[in-house]
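The structure appears below as structure tokens.
Numbering (this note's numbering), first residue to last: 116 to 270.
Structure, rendered in structure tokens:
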């Protein structure tokens with residue numbers, strides 16, 4: 116089954132731990148939604164945007180998904196939350212679908228994204244330090260106000 120093979124490759128790239136669960140496609144879209152914390156609508160949108168690997172079909176023609184899809188959705192969620200654009204996520208998914216020949220490209224893409232995330236984290240830490248400083252000033256001013264405007268030992 117070709118889609119399951121693709122999913123297995125995506126899973127290995129989505130997690131650092133080996134896949135411990137059976138990767139046989141047995142999940143219907145509702146169960147995939149429940150397990151991944153995404154709505155059925157979101158999963159269908161991801162499929163339409165070519166962000167999801169193909170689903171296998173059961174005997175009745177219904178799509179079935181595997182545990183790899185759950186993990187892949189988790190990766191997509193983290194990539195998006197960390198600022199990766201949908202366009203870049205699509206490019207990454209295209210590379211992953213191409214298999215081993217693009218491992219270096221996949222790594223480079225994630226490395227570049229990591230650099231952006233690290234820069235953003237540093238900016239957020241600087242902003243947090245400023246907010247903490249301002250909170251400390253307000254604490255100081257409130258303490259003075261409670262003592263009738265007189266300086267306290269701490270102030």
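Glycine is no exception: its CB is placed at the ideal position from the N, C-alpha and C atoms.
Sub-9 Å separation of residue i and residue j beta-carbons
i           : j           : result
residue 156 : residue 188 : no
residue 221 : residue 210 : yes
residue 226 : residue 207 : no
residue 239 : residue 185 : no
residue 181 : residue 139 : yes
Same chain, Cβ closer than 6 Å to residue i, neighbours up to 5 away in sequence not counted
i           : result
residue 167 : 161
residue 137 : Summary for residue 137: the model assigns pLDDT 48, below 50, so the residue's position carries little reliability; its value from the coordinates is reported in the next sentence. Closer than 6 Å at Cβ, skipping near neighbours: no residue.
residue 194 : 204
residue 197 : 232
Cβ-based neighbour list, residue i, same chain, cut-off 7 Å, excluding 5 preceding and 5 following
i           : result
residue 199 : 228
Backbone CA spacing between residue i and residue j [nearest angstrom]
i           : j           : result
residue 174 : residue 141 : 12 Å
residue 216 : residue 247 : 48 Å
residue 152 : residue 178 : 18 Å
residue 147 : residue 169 : 14 Å
residue 243 : residue 171 : 46 Å
residue 201 : residue 159 : 15 Å
residue 241 : residue 235 : 10 Å
residue 218 : residue 144 : 29 Å
residue 259 : residue 253 : 10 Å
residue 249 : residue 190 : 36 Å
Paired residues, beta bridge with residue i - DSSP
i           : result
residue 179 : 171
residue 142 : 180
Closer than 9 Å to chain C by CB, residue i
i           : result
residue 210 : Of the protein chains in the structure, only one exists, and it is not chain C.
beta-carbon residue i near the ligand FMN non-hydrogen atom, thresh 8 Å
i           : result
residue 212 : Summarising the ligand content, the structure contains no ligands, and the ligand FMN is consequently not present.
Ranges of the alpha helix (DSSP H) found wholly within the segment 182 to 221, counting only runs of at least 4: Counting only runs of 4 or more, we get 182 to 196, 201 to 212.
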